[in-house]
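Trainee: The sequence shown begins at 1 in my numbering and counts up one residue at a time.
Glycine included, each C-beta is placed from N, C-alpha and C at the ideal position.
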Amino acid sequence: MSRSIELDRERALRLMAVSRETADLFAIYVDLLARWQSIKNLVGPSTLPEVWTRHIADSHQLVALAPDARVWTDMGSGAGFPGLVVAIEIRDRPGAQVHLIESNNRKAAFLREVARETGAPVVVHPRRIEDVVPDLGAIDVLTARALAPLPQLFLWGKRLIDAGTLGLFLKGEEIATESATVAEDPAYAIDFVESVTPGSGRIVRVRAVDAAAGREEGNSNAR
């Protein structure tokens with residue numbers, strides 16, 4: 001491992017504060033990514049020297065926004081960011097499962113290989129998003145990263161969000177213009193969380209208003 005990558009790894013681990021075992025599993029993931037990259041072109045080559053902060057830590061921050069979630073779905077998983085990172089982190093939770101939707105068969109094969117090597121609790125769906133989402137059951141969190149404009153993500157995930165699923169979408173500077181359509185709909189609560197990783201990224205958090213109100217009422221009754 002080069003010194004620059006080692007320093008990047010140290011920065012990422014400080015951001016994530018994960019166990020030694022989890023860090024070791026992420027290292028297996030990064031090693032597999034480097035080995036498959038030359039034949040699969042899984043991520044932008046320029047991002048590899050900062051793979052730990054640019055991809056691992058950036059994806060990992062979603063776990064803190066849904067600390068009790070067990071069942072996740074990641075649309076357009078690609079090289080596994082953020083879904084596979086989430087799966088590795090929550091692997092010991094009872095009932096943990098992450099659905100990875102990736103229509104590219106070569107990338108789907110990579111996702112299966114990483115899951116096999118790390119024990120991540122995933123189900124890989126090598127199909128189109130619009131063909132998978134209608135068949136999914138109850139989902140706690142829906143994610144996507146660098147996939148499509150927010151209105152398209154919302155269109156794909158609307159059925160799940162309407163049913164109470166929390167949407168967490170990692171976006172860049174473009175979110176200011178993309179969010180207008182969804183933000184104007186009173187049926188949905190949308191807010192933005194600043195990314196913990198360097199850069200101008202933000203996380204879009206979307207939930208149906210009725211679902212959010214029901215959850216707050218339930219918490220109040222529990223008290």
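Assuming V141 contacts A66 under a Cβ cut-off of 8 Å, what Cβ separation, rounded to an integer in Å, is found between them?
Mentor: Indexing the sequence shown from 1 puts residue 141 at position 141. Indexing the sequence shown from 1 puts residue 66 at position 66. Between A66 and V141 the Cβ distance is about 5 Å, and since that is below 8 Å, they are a contact.
Trainee: From T47 to I56, what does the alpha carbon distance come to, in whole angstroms?
Mentor: Position 47 of the sequence shown holds residue 47. Position 56 of the sequence shown holds residue 56. Computed Cα separation, rounded: 11 Å.
Trainee: Am I right that R306 and K171 are in contact with their C-beta atoms under 8 Å? What's the rounded C-beta distance?
Mentor: Since the first residue shown for the chain is 1 and the last is 223, residue 306 is missing from the structure and cannot be characterised.
Trainee: Would you check if the distance between the CB atom of V114 and the CB atom of Y29 is smaller than 8 Å?
Mentor: The residue given as residue 114 occupies position 114 in the sequence shown. The residue given as residue 29 occupies position 29 in the sequence shown. Yes, these two residues count as a Cβ contact at 8 Å.
Trainee: Alpha helix (DSSP H) containing T118: first to last residue?
Mentor: Position 118 of the sequence shown, counted from the first residue, corresponds to residue 118. N105 to T118 is the extent of the alpha helix (DSSP H) around T118.
Trainee: Note down the Cα distance separating A163 from R3, rounded to an integer number of angstroms.
Mentor: Position 163 of the sequence shown, counted from the first residue, corresponds to residue 163. Position 3 of the sequence shown, counted from the first residue, corresponds to residue 3. One C-alpha to the other measures close to 47 Å.
Trainee: Pick from V196, A27, S179 and E194: whose alpha carbon is nearest that of Y188?
Mentor: Counting from one through the sequence shown, the residue named residue 188 turns up at place 188. Checked all of V196, A27, S179 and E194; the closest Cα to Y188 is S179.
Trainee: Any contact of the region 75 to 82 with the region 143 to 160, i.e. 3+ C-beta pairs under 8 Å?
Mentor: The region 75 to 82, when compared against the region 143 to 160, does touch it at the 8 Å Cβ threshold.
Trainee: Would you check if the region 149 to 157 and the region 84 to 96 touch, i.e. whether three or more CB-CB distances between them fall below 8 Å?
Mentor: No: the two stretches stay apart, fewer than three of their Cβ pairs being nearer than 8 Å.
Trainee: Have a look at the DSSP bridge pairing and note the partners of K171.
Mentor: As a position in the sequence shown, residue 171 is number 171, starting the count at 1. K171 is bridged to R202.
Trainee: Between F110, V71 and S195, which has its C-alpha nearest L160's C-alpha?
Mentor: Here residue 160 corresponds to residue number 160 of the sequence shown, with the count starting at 1. Closest by alpha carbon: V71.
Trainee: Taking 8 Å as the limit between beta carbons, can you name the residues of its chain near L32, skipping five residues before and five after?
Mentor: The residue given as residue 32 occupies position 32 in the sequence shown. Result list for L32: F110, E113, V114 and E117, in chain order.
Trainee: With a threshold of 16 other CB atoms inside 10 Å of the CB of G137, please say whether the residue is buried or exposed.
Mentor: Counting from 1 along the sequence shown, the entry for residue 137 is found at position 137. Burial call: exposed.
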